[in-house]
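Peer 1:
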Ligand SMILES: *Cc1c(COP(=O)(O)O)cnc(C)c1O
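In our numbering, the protein residues as written are 1469 to 1702.
1) Which partner residues of residue 1666 appear in the DSSP bridge assignment?
2) Going by other Cβ atoms of all chains shown within 10 Å of its Cβ, with 16 needed for buried, is residue 1707 buried or exposed?
3) Excluding sequence positions up to five away, which residues of its chain have a Cβ less than 8 angstroms from the Cβ of residue 1499?
4) Cα separation between residue 1616 and residue 1538?
5) In chain order, what residues of the same chain have a beta carbon less than 8 angstroms from the beta carbon of residue 1687, not counting five sequence neighbours either side?
6) Which one or two residues does DSSP pair with residue 1504 in a beta bridge?
7) How is residue 1486 classed by DSSP in three states: helix, strand or coil?
8) Taking the beta carbon of residue 1531 as the centre, do at least 16 other beta carbons fall within 10 Å, making it buried, or is it exposed?
9) Considering just the uninterrupted stretch of the beta strand (DSSP E) at residue 1600, what are its terminal residues?
10) Mind checking who residue 1529 pairs with in its DSSP beta bridge?
11) From residue 1561 to residue 1584, what distance separates their C-alpha atoms?
12) For residue 1470, does the count of other Cβ atoms within 10 angstroms reach 16, so buried, or fall short, so exposed?
13) Residue 1660 and residue 1605 look like a contact to me (Cβ under 8 angstroms); what is the Cβ gap, rounded to whole Å?
14) Classify residue 1492 as helix, strand or coil using the three-state DSSP reduction.
15) If you count every other CB in all the chains shown that lies within 10 Å of the CB of residue 1665, and 16 or more means buried, which is it?
16) Based on DSSP bridge pairs, tell me the residues matched to residue 1572.
17) Less than 6 angstroms between C-beta atoms, sequence neighbours within five positions excluded: which residues of the same chain meet that for residue 1479?
18) Does at least one heavy atom of ligand 1 sit under 7 angstroms from the Cβ of residue 1685?
19) Give me the Cβ distance between residue 1589 and residue 1636, rounded to the nearest whole Å; I'm assuming they're in contact under 8 angstroms.
20) Measuring alpha carbon to alpha carbon, tell me which of 1591, 1602, 1594, 1593 ends up nearest residue 1578.
21) So, helix, strand or coil for residue 1701, using DSSP?
22) What is the C-beta distance between residue 1679 and residue 1651, in whole angstroms, given that I count them as a contact (C-beta under 8 angstroms)?
23) Per DSSP, what kind of secondary structure is residue 1723 in: helix, strand or coil?
24) Within this structure, are the beta carbons of residue 1626 and residue 1582 separated by less than 8 angstroms?
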């Protein structure tokens, strides 16, 4: 496809996703502007990001730090308000680069990573907003802190990062009703006074909004299917 056709497709997809977000928010008595759309551009080329930017999109999600570092910094100068969210499992040896380039790190999930991020914040002199990822269904192959360890880990991160710790994130198992997981995460955030809830992807963002999501991470419904699912970083 020609770049202008790609741009039209992405702009149209974005408009449809935004409409669905508004409708889902309104039907649960919420305001559309209380839900931030994070466009997940992993595996898609810079041209796809450019098209989304041209259509007014400002929040983007990437899984891999290296890929994000190659794609995003050049877009910053022309696009104030651009916010890069790192949403993939993060290796401690990538923490420094993550802290350097991200506005939001959504996958803080273990004490060793909290240590690495804290050290990186010191060295880089910048502090991204942080979300703790919870492995809501206890899936062994997924990153995220276990439900049973979430309370103490949240307390530890709050002590360590103060107001930079803003919320929680989860990825419920595919092929199950995600709503009970979303509700669990929403309650956990409420218990801890955390205002940001990143949950919901292309297949389930409306259910996530009904359960209180403030951020939905939508990839394929905007950019089309990915060549292949990227492997987690660890
Ligand atoms: C890829 C990815 C998404 C987006 O998934 P889609 O199903 O393409 O919308 C959201 N969150 C995370 C953590 C992802 O890795």
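Think of the CB as a built atom: it goes at the ideal place given N, C-alpha and C, for glycine as much as any other residue.
Peer 2: Here's the rundown:
1) 1637, 1683
2) The question about residue 1707 has no answer here: the residues shown for the chain are numbered 1469 through 1702.
3) 1493
4) 37 angstroms
5) 1507, 1508, 1509, 1510, 1529, 1669, 1670, 1694
6) 1683
7) helix
8) Of the residues assessed, residue 1531 falls on the buried side of the cut-off, its CB having 16 or more other CB atoms within 10 angstroms.
9) 1597 to 1603
10) Per DSSP, the beta bridge partners of residue 1529 are 1508, 1553.
11) The alpha-carbon atoms of residue 1561 and residue 1584 are separated by roughly 8 angstroms.
12) Its Cβ having fewer than 16 others within 10 Å, residue 1470 is exposed.
13) Actually they do not touch by this definition, with Cβ atoms about 20 angstroms apart.
14) helix
15) buried
16) 1553, 1597
17) 1523
18) yes
19) Not really, about 20 angstroms apart at Cβ, beyond 8 angstroms.
20) 1602
21) At residue 1701 the pLDDT is 47, less than 50, meaning the model places this residue with poor confidence; the figure from the coordinates comes in the next sentence. The three-state reading of DSSP puts residue 1701 in coil, since its state is none of H, G, I, E or B.
22) 5 angstroms
23) Residue 1723 lies beyond the residue range present for the chain, which begins at 1469 and ends at 1702; the question has no answer from this structure.
24) Taking 8 angstroms as the Cβ cut-off, residue 1626 and residue 1582 do not qualify as a contacting pair.
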